[in-house]
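One structure is given below, encoded as structure tokens.
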Amino acid sequence: MTDLIFEKFCPRCVESRPIRSFYAHISECRSCYRTVFRGLERRCSKCKQTKNAERDFYRLKAKRKPHSWCKECYRKASNDKYRTDPVKRQSHLDYRVKYHAKNRSKIIAQDRNQRLRRKAEVLTHYGNGVLACVCCGIDTLDFLTLDHVDANGADHRKDLKGEHGGKATGWFIYRWLMDNNYPEGYQTLCYNCNVGKHRTKLNKCPHQIEREALWRSFIEFTTNTTPPQEADVSQSQAA
Numbered sequence: 011m012t013d014l015i016f017e018k019f020c021p022r023c024v025e026s027r028p029i030r031s032f033y034a035h036i037s038e039c040r041s042c043y044r045t046v047f048r049g050l051e052r053r054c055s056k057c058k059q060t061k062n063a064e065r066d067f068y069r070l071k072a073k074r075k076p077h078s079w080c081k082e083c084y085r086k087a088s089n090d091k092y093r094t095d096p097v098k099r100q101s102h103l104d105y106r107v108k109y110h111a112k113n114r115s116k117i118i119a120q121d122r123n124q125r126l127r128r129k130a131e132v133l134t135h136y137g138n139g140v141l142a143c144v145c146c147g148i149d150t151l152d153f154l155t156l157d158h159v160d161a162n163g164a165d166h167r168k169d170l171k172g173e174h175g176g177k178a179t180g181w182f183i184y185r186w187l188m189d190n191n192y193p194e195g196y197q198t199l200c201y202n203c204n205v206g207k208h209r210t211k212l213n214k215c216p217h218q219i220e221r222e223a224l225w226r227s228f229i230e231f232t233t234n235t236t237p238p239q240e241a242d243v244s245q246s247q248a249a
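Just so you know, we're using our numbering here: the sequence shown kicks off at 11 and counts up by one.
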């Protein structure tokens, strides 16, 4: 009678493990299989480099396992074939036309949601971590906009338009700010504060002008008003 085998040798970790530690028809143990094929590393058969299996490899839908080529090699080969093969290029263009015609409303909704997310992220950064106007505190996204602190928005849009050839407004500026690691010189304002800042000709929002006026009046009141104790002392000395 043949003896039952309760252990199996793993050629990767060079250890004998219980048979329950192995997947069916796979020589490596479960721990090594997860490490190599499902999370940590995998060797690309094209560039012969070891990379992260989850991040650097595409997944095959049919077999549910990583592709043998890494993403970089796969993209390069696909792009080269797209440029050199006119049949593949034309078939790809035809597929895109049919897909856009069939899913037009879905694509428009996805594009709008992506632009709103980008706008919210940029305005949150320039709102000191809060999605709200830094002047009046209004927090409705549709009322918020980006403001150039030095009032040089027109020149900035001209520079971007001349550099990239596109219309430098709205989502284009938001993407430019994200790609350039959020440079300084911008702030989040609502449309009222933004327009009011332009109308005053002082590069200040009317809310800011009112607050400064109230603060000056408060300082004048506190400096001109004599405290009660000092007033009593001065009257006793005069008597």
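By construction, the Cβ of each residue, glycine as well, lies at the ideal position given by its N, Cα and C atoms.
- In the structure shown, S78 falls within a strand segment according to DSSP collapsed to helix, strand and coil.
- According to the DSSP assignment, L126 belongs to the alpha helix (DSSP H) that extends over R114 to Y136.
- Residues C215 and P216 of the same chain have their beta carbon placed closer than 7 Å to that of G206, with the five preceding and five following residues left out of the count.
- If you compare the alpha carbons of P21, C57, C146 and C200 with that of R40, the shortest gap goes to P21.
- The alpha-carbon of N89 is positioned some 12 Å away from that of H102.
- The region 129 to 138 makes contact with the region 184 to 192, as at least three CB pairs between them are under 8 Å.
- Only buried fits R52, as 16 or more other CB atoms lie within 10 angstroms of its CB.
- As the crow flies, the alpha-carbon of F228 is around 28 Å from that of C200.
- Look at the beta carbons and you see the region 51 to 65 touching the region 77 to 89: at least three pairs across the two are nearer than 8 Å.
- Between C54 and C23, the C-beta gap is not smaller than 7 Å, which leaves the two residues out of contact.
- If you look at P216, you'll find it in the alpha helix (DSSP H) that goes P216 to N234.
- Annotated three-state conformation of R53 is strand, per DSSP.
- Between I36 and F16, the C-beta gap is not smaller than 7 Å, which leaves the two residues out of contact.
- According to the DSSP secondary-structure assignment, R27 is paired through a beta bridge with K18.
- Looking from the CA of N213, the closest CA among D157, Y105, G139 and L170 belongs to D157.
- DSSP places H35 in no alpha helix (DSSP H); its state is neither H nor E.
- Straight-line spacing of the CA atoms in R128 and W181 works out to 8 Å.
- According to the DSSP assignment, Y196 belongs to the beta strand (DSSP E) that extends over Y196 to C200.
- With respect to the 7 Å criterion, A178 and L170 are classified as neighbours on the basis of their beta carbons.
- Straight across, the Cα-Cα distance linking K98 with H166 is about 41 Å.
- Within the DSSP secondary-structure output, F67 pairs in a beta bridge with C80.
- By the neighbour-count criterion, in which a residue is buried when 16 or more other Cβ atoms sit within 10 angstroms of its Cβ, I183 is buried.
- S26 sits away from F32, with the two beta carbons spaced by 7 Å or more.
- Burial of C203 is indicated by the presence of at least 16 other C-beta atoms within 10 angstroms of its C-beta.
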